[in-house]
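Residue numbers (this note's numbering), protein chains in the order written: chain A, 2 to 651; chain B, 2 to 651. Glycine residues also receive a C-beta, built at the ideal position from the N, C-alpha and C atoms.
Number of protein chains: 2
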Amino acid sequence: MVLARLLPEVEGGRFPAKREAGETVEIEAHAFTDGHDLLAVRLHHRRAGGGSWQTTPMDPLGNDRYGAAFLVERLGEYEYTADARLDRYRTWAAGLAKKADAGQDVRVDLLVGAALLEEAAARAGGRPAALLAGWAAQLGGEAGVEERVALAARADVAEAMDAAFDPADLVEYGRVLPLAVDRPRARFSTWYEMFPRSASPAPGRPGTLRDCAARLPYVAGMGFDVLYLPPIHPIGRTHRKGRNNAVRAAADDPGSPWAIGGAEGGHKAVHPALGTLDDFAYLVREAAAHGMEVALDVAFQCSPDHPYVRDHPEWFRRRPDGSVQYAENPPKKYEDIYPFDFESPAWRALWDELLSIFTFWIGHGVRAFRVDNPHTKPFAFWEWLIAEVRRDHPDVIFLSEAFTRPKVMYRLAQLGFTQSYTYFAWRNHGREIREYFEELSRPPVSDFFRPNLWPNTPDILTEQLQTGGRGAFMARLVLAATLGASYGIYGPAFELGLHRPRSAGSEEYVDSEKYEVRHWDLEAPGSLAAFIARVNRARRQNPALQADRGLVFHPCDNERLLCYSKATAGAANVVITAVNLDPRRRQAGWVALDLEALGLEADETFQVHDVLTDARYPWRGPRNYVELDPEVVPAHVFVVRRQTPDGLFA
Amino acid sequence: MVLARLLPEVEGGRFPAKREAGETVEIEAHAFTDGHDLLAVRLHHRRAGGGSWQTTPMDPLGNDRYGAAFLVERLGEYEYTADARLDRYRTWAAGLAKKADAGQDVRVDLLVGAALLEEAAARAGGRPAALLAGWAAQLGGEAGVEERVALAARADVAEAMDAAFDPADLVEYGRVLPLAVDRPRARFSTWYEMFPRSASPAPGRPGTLRDCAARLPYVAGMGFDVLYLPPIHPIGRTHRKGRNNAVRAAADDPGSPWAIGGAEGGHKAVHPALGTLDDFAYLVREAAAHGMEVALDVAFQCSPDHPYVRDHPEWFRRRPDGSVQYAENPPKKYEDIYPFDFESPAWRALWDELLSIFTFWIGHGVRAFRVDNPHTKPFAFWEWLIAEVRRDHPDVIFLSEAFTRPKVMYRLAQLGFTQSYTYFAWRNHGREIREYFEELSRPPVSDFFRPNLWPNTPDILTEQLQTGGRGAFMARLVLAATLGASYGIYGPAFELGLHRPRSAGSEEYVDSEKYEVRHWDLEAPGSLAAFIARVNRARRQNPALQADRGLVFHPCDNERLLCYSKATAGAANVVITAVNLDPRRRQAGWVALDLEALGLEADETFQVHDVLTDARYPWRGPRNYVELDPEVVPAHVFVVRRQTPDGLFA
């Protein structure tokens, strides 16, 4: 007998699978044996770290697969394992029933069953032993064959045999697998990134955290639930970069928020121009009042003026000439940035201090962090740090901002990052979008990697947004919001359609907020704010859009049209999205729906209700027509309405 | 640093991957690290069980994959593992080169490199230490910068640094993975099954092993290289089955060869009507003279008259009434067959005796066995038995005749079976053929499971062969012979087109050879022998058809046409097969070739040479027309001929 697989299992159980509180976790086992014996497979689960195991029989799903599920209600770690057993009694009972049904003489077979019960009685103690022995005597006794066959089929007899199984017939899975349970926002979140210093309503006056608070109704009104701020700390002056990343800053240039640390403090301080810790506390409270939370940017690096450089020179690497090693990516140099030396002999104190930065901001009400470039710090550091934080604060969300090679991005997610940036911004063609999101939305990747899709960031103004016009912005927003249960935009640059790069071939914005204070006219004509609000309302109203699982692509005879659906369990809620990937031209084509994935019958008439335009279309069967004009709306977000018995569509 | 994967790896290294002698085994590692350091990854391999490791540097393949290969020349087990190391020196040297190329001042960088060399010198001993120290002094010395930069780029310096690496920078894979090397026929074989007792040229006289020998020119002439015989042992009389599986045999009914054992002997005896052990030896020699070998059927079961039943009653299970337990699959009973009790207290002696059956026939020149219903015997038994046999006879081929659930069939292959029967006979539609053979021809399955495809067997006359006529036989033969590097037919039933079932809905042949002696007219008009010979000649002449790897399906706009190709490494030999799956009607359509898989340029004119008809067609680009008529030949087997510089196609 072989208990070959228990799923989900991430890297042989080295890392936890990820789920969210309130979810029913479905576990699958693969078990089989030589011969034709039936198996009894059981799932055992509990909260990690002790306590009693709860045992659930696993149901055969066909093809030697067995399934069971349990509800996770609390945050933190659970664990599970399984065992499988030759079910000699039910195997015998099933054979007996078939023979009896075929009218065969089963008197000798009844004696075989009686022997099984006697052996079990010998293993069992007390009352069960007596019961089993009694049944054995009846099976092998003088009663009529029909009566004895009926006894053999009784559930209570089989259950008593389950309890008295022969330990030699049992195999254990051999590994206990971990499961990390996060809060629901780990799965479904909608992020809005903005620079506080550009949040002032008054041109000429830099913005503050209080201005951010005043901006909350606008951001919440668009349907976002996470307000993410680039670093809010004091900014260094040495080697400060000027506007448009100029090597020398002018006297009044504010510098990059990622050159962290100055005379006013480091990672635990608020830039005086933005306000105070009290102002930050006010922003956190106001955000909560709008149903939002504040996410901070954690960039573990220092400007040359950071207090750490003076107080802890042992945390930085020295060059042979005695200077501190600045960041570099040869031949590029970043002399305004000093990386920490994670391998320094003083690493323990350094790691503890870095952990204390998280706990400091957690103490100020932050439960979500966007971590800058985690792939340039040691894997072991993140695994340790995230475990330390989550032990006391399992509600903390870590978003990994790593745009590096796939295996490294996946490993960071395995090490504990709750969500991860993706390659979404650079996936433009239908086939590459389909292949990438099929990979992300299915096991094994979907068990540990939660994508967070960004059509733009302060560092990423894609070629398509530069050249595609309003249609490209709308299409990319719909793709992000419907392909990803979590997505975000960098605003107001996004909703205002900023599209000019610093130079040809660059993905940097011209006059980027990274290096200067900007002022935004949120009321500018052409703002996509209302459109974004509609899209986010569709996300809130449709549970299918709140998970990455359940994504299915549907072929279309026009490759510029991309069609896909998401469905909740049992297809209770189904959303079909169709996007015109060509930002310039109207595109039309026939979609071939996978009706089974949509829970629809081949001949069923259903209604697709476009929640972006409120238009409704009657559809039927797999082939349906789609036509999308980027000058109007380049996408449909269709909720499937099925016909109710009274003939309406709901 | 993470060395995450080493491929092939079967079930975490629990079972060996399979390859064949003479093959270059390609190993792939997945390794990555945080940060931007270069890695040095090494493969270590050796013959299993000791000896020195051979070490090969693994080349970066992109996307954190590294590859290396080694040639396996001997049969038996090899093993391999890997390690990965931060290559601090090459990382530094690459950065230095970029900075120097950019015209930067690198004097401080040279001192960083000098320190690396000094640390290595301190780790190294003897002459390497002196060399490294000398280079360190030069790098940090007074020579010109250009000269010192050139020193840093020298291969001998990097190699000396390789040898003096810091053990703290190395991670080992942690597992040593097994590799089983079989003889080439394990991969590429062509089987012909026939009943010796029907091999007589004279109607009315049953055939013998000598008659089989006389049949060899015919079988070898069709291009087969394995002659597989159903059991050749004495047949029991108790509960003997009659013609067409009648419950009672007539006095002159010969019985089923799988009801093994009688007064004349058991599994180590030859049925007296077939001849003697000397006759068998003659057949083995004659087969070898025709480039063939003889495969025997091993069915571990006994007729009630088998000497084991009398001499070793402890090897059989008793029913409560004292009778021996016969085989059953409720409500079906097989009272002519006694299964062994592998869990008997006397199991050790039983297992040893069963092993001795293999060694007996190995002693009589047999190196290939078709094992009957292995899934009804314990997994542990097969793993033990095959390892025992292969220790002294690594050239033995075990063909698993299990038609059971996929996970069990795969597990038997993992336990050691060299080849396996498949579901091929029941895969008729294009999509199901494509999905099944994509699964079989790719890792992980292709690493341990070698399919052997049978369009028919004495137990399997498929509905398609019953109703499809000659076109169906030809199409199924071409599918088997080109989808599978190994395939077989049950003849002469196949080449003579036998298609009548015993009853409607049955896959049994009427008047099956399993229960009676038949006489065959091999010269009958309509025999497919010549066609089969052409197909098998194509297999011998084209290495692409001699492996299961390299299979690619090409879409066709007519779903009744199936098109696929196989190619050797570098597309040196490419065969495109197109089959009309409709045995009744001519079908035509346009194939969309995956030119990259075929090693062809988009605008290249090439020739497809049908080796079945010798017709040649000029093709160009991906879209090409195919038309196939089952009344003529329902398949093309095209060898791709590319244009040579002199304008010919070769």
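At 8 Å on the CB atoms, spell out the chain A contacts of residue i, in chain order.
i, result
"Thr377(B)", "Asp35, Gly36, His37"
The beta strand (DSSP E) spanning residue i covers which residue range?
i, result
"Trp620(B)", "617 to 621"
"Thr191(A)", "190 to 194"
"Ser487(A)", "487 to 491"
"Val107(B)", "Run containing Val107(B): none; DSSP gives neither H nor E here."
"Met410(B)", "Where Met410(B) is concerned, there is no enclosing beta strand (DSSP E), although the alpha helix (DSSP H) it sits in stretches over 407 to 416."
"Met59(A)", "55 to 63"
"Gln588(A)", "588 to 593"
"Asp84(B)", "77 to 87"
"Gly607(B)", "Reading the sequence as shown, one finds Phe at residue 607(B) and not Gly. Counting along the chain, the beta strand (DSSP E) containing Phe607(B) begins and ends at 606 to 611."
"Asp183(B)", "178 to 183"
With a 10 Å radius around its C-beta and 16 neighbouring C-beta atoms as the bar for buried, classify residue i as buried or exposed.
i, result
"Gly1(A)", "Absent from the model: residue 1(A). The displayed extent of chain A is 2 to 651, so no value can be given."
"Leu413(A)", "buried"
"Leu4(A)", "buried"
"Gln141(A)", "Checking the displayed sequence, the identity of residue 141(A) turns out to be Gly instead of Gln. That one is buried."
"Gln542(A)", "exposed"
"Leu499(B)", "buried"
"Trp54(A)", "exposed"
"Tyr339(A)", "buried"
"His430(A)", "exposed"
"Glu287(A)", "buried"
"Thr578(A)", "buried"
"Leu649(B)", "exposed"
In terms of alpha-carbon separation, which member of the options lies closest to residue i?
i, options, result
"Phe301(B)", "Glu27(B), Pro584(B), Lys269(B), Val248(B)", "Lys269(B)"
"Leu44(B)", "Glu10(B), Leu523(B), Tyr81(B)", "Tyr81(B)"
"Trp456(B)", "Asp373(B), Ser442(B), Arg443(B), Pro493(B)", "The amino acid at residue 456(B) is misidentified as Trp; the sequence shows Pro. Considering only alpha carbons, the answer is Pro493(B)."
"Arg586(B)", "Val634(B), Glu605(B), Gly600(B)", "Val634(B)"
"Ala18(B)", "Ala181(B), Asp110(B), Glu120(B)", "Ala181(B)"
"Asn245(B)", "Met2(B), Pro218(B), Asp512(B), Leu111(B)", "Asp512(B)"
"Val172(A)", "Arg75(A), Thr34(A), Glu147(A), Leu529(A)", "Thr34(A)"
"Ser442(A)", "Gln467(A), Phe404(A), Gly485(A), Ser421(A)", "Gly485(A)"
Ends of the alpha helix (DSSP H) at residue i?
i, result
"Pro502(A)", "It is not in any alpha helix (DSSP H) - Pro502(A) carries neither H nor E in the DSSP assignment."
"Val47(A)", "Checking the sequence, you will find Arg at residue 47(A) rather than Val. Segment 40 to 48 is the beta strand (DSSP E) holding Arg47(A); no alpha helix (DSSP H) there."
"Gly472(A)", "464 to 484"
"Ile387(B)", "380 to 393"
"Cys564(B)", "Segment 562 to 568 is the beta strand (DSSP E) holding Cys564(B); no alpha helix (DSSP H) there."
"Asn625(B)", "Premise fails: Asn625(B) lies in the beta strand (DSSP E), 624 to 629, not in any alpha helix (DSSP H)."
So which residues on chain B does residue i lean against when the C-beta distance must stay under 9 Å?
i, result
"Gly13(A)", "Gly13"
"Val109(A)", "Arg320, Pro321, Asp322, Ser324"
CB of residue i to nearest heavy atom of the ligand ZN: below 8 Å?
i, result
"Pro235(B)", "Of ligands this structure carries none, so the ligand ZN is not represented either."
List, in order along the chain, the chain B residues whose C-beta lies closer than 7 Å to that of residue i?
i, result
"Asp65(A)", "Arg406, Lys408"
"Pro61(A)", "In chain order: nothing, as chain B lies at least about 11 Å away."
Could you name the residues of chain A that residue i contacts, counting a contact when the two beta carbons are closer than 9 Å?
i, result
"Arg412(B)", "Val3, Ala5, Phe33, Asp35"
"Gly622(B)", "Simply none; closest approach about 19 Å."
"Pro332(B)", "Gly96, Lys99, Lys100, Ala101, Asp102, Ala103, Gly104, Gln105"
Kindly list, in the order they appear in chain A, the residues whose Cβ is closer than 7 Å to that of residue i.
i, result
"Phe495(B)", "Result: empty, since nearest Cβ-Cβ is about 30 Å, beyond 7 Å."
For a contact defined as C-beta to C-beta under 8 Å, what are the partners of residue i on chain B?
i, result
"Val113(A)", "Arg320, Pro321"
"Ala116(A)", "Pro321"
Taking beta-carbon pairs under 7 Å, can you tell me which members of the region 128 to 150 of chain B lie near chain E?
In the structure shown, chain E cannot be found, because the protein chains are A and B.
Are the region 214 to 230 of chain A and the region 351 to 359 of chain A in contact at 8 Å, needing three or more beta carbon pairs?
no
For the region 187 to 198 of chain B and the region 90 to 105 of chain B, state whether three or more C-beta atom pairs, one from each stretch, are separated by less than 8 Å.
no
Any contact between the region 564 to 577 of chain B and the region 514 to 531 of chain B? By contact I mean 3 or more CB pairs, one from each, below 8 Å.
No, the region 564 to 577 of chain B does not touch the region 514 to 531 of chain B.
Between the region 231 to 244 of chain A and the region 252 to 264 of chain A, are three or more C-beta pairs nearer than 8 Å?
Three or more Cβ pairs drawn from the region 231 to 244 of chain A and the region 252 to 264 of chain A lie within less than 8 Å of each other, which places the two stretches in contact.
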